[in-house]
Amino acid sequence: MARSVFRFLSRQPELPELTSDKHVLRLPRFRDYEPWHALRRESRDFLQPWEPTWRTDELTMRAYRSRVLRNEQEFSSGLAVPFFLFDRTDDTLLGGLTIGLIRRGAAQSCMIGYWMGERYAGKGHMFAALQLAIPYIFKGLELHRIEAACIPDNVNSIRLLEKAGFEREGLLREYLKINGQWRDHMLYSKLAGSQGSQGKDRR
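Below is the structure:
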């Protein structure tokens, strides 16, 4: 079983870093701009069908710095935990996974989203990232429910969620504006204490 290290939120939250033998999840930093820019630029055609339309300044340093500052504010306020995913052996940026829309009170839930650089897709990296993020959400953030939404024809994302133990709940009509069009999404969820297929295959 992969070894994981969790740094939990507190009144003065430390920046979380989740690690296994092969992967690291941590918050974006200013110094990550160059690898982020290179990976997003080369993966644009691969990512664009599944993401909101990119702004004209999407890949600029200024836009990236604003993104990092916004991520830090959202984390400090308990609204989100936006991670970058790295290969631990050489610190290569592979993609990102965001724990967002964190809701407390009676809900105790969140929504996750993720992206992967084209050259690293289909190699089990995001499944490994979920194996780190899911225990952190349930044990570290003490949430009860994780939700994820994906476009019905995004077969790879559906397979990933089902492999990680998420269950399909229903259809969200015209849920998000993706690549310039309002798209239906399938809603998936995973509950604290549920088993599913999580952890059966760590390759």
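For the sequence shown, the residue numbers in the UniProt record's numbering are 1 to 203. For every residue, glycine included, the Cβ atom is placed at its ideal position computed from N, Cα and C.
Check                                                                                                                                     : Outcome
Taking Cβ positions, are G95 and L85 nearer each other than 8 Å?                                                                          : yes
If you draw a straight line from the alpha carbon of R145 to that of I99, how long is it in whole angstroms?                              : 12 Å
Among residues of its own chain, excluding the 5 on either side of K22, which ones have a beta-carbon nearer than 8 Å to its beta-carbon? : A2, D87, R88, T89 and A128
Could you spell out the range, first to last residue, of the beta strand (DSSP E) harbouring H185?                                        : Q181 to L191
Going by DSSP in three states, I178 sits in which element: helix, strand or coil?                                                         : strand
Using CA atoms only, rank isn't needed, just tell me which of R29, A148, W115 and A121 is closest to S109.                                : A148
If we ignore side chains and look at the alpha-carbon of each, how far apart do A63 and L191 end up?                                      : 35 Å
Near A133, what residues of its chain come up, given a Cβ to Cβ distance below 8 Å and the 5 sequence neighbours on each side ignored?    : L18, L25, F83, L97, I99 and I112
Which of the three DSSP states, helix, strand or coil, is assigned to E51?                                                                : coil
Classify N71 as buried or exposed, calling it buried when 16 or more other Cβ atoms lie within 10 Å of its own Cβ.                        : buried
Taking only three categories from DSSP, how would you classify H23?                                                                       : strand
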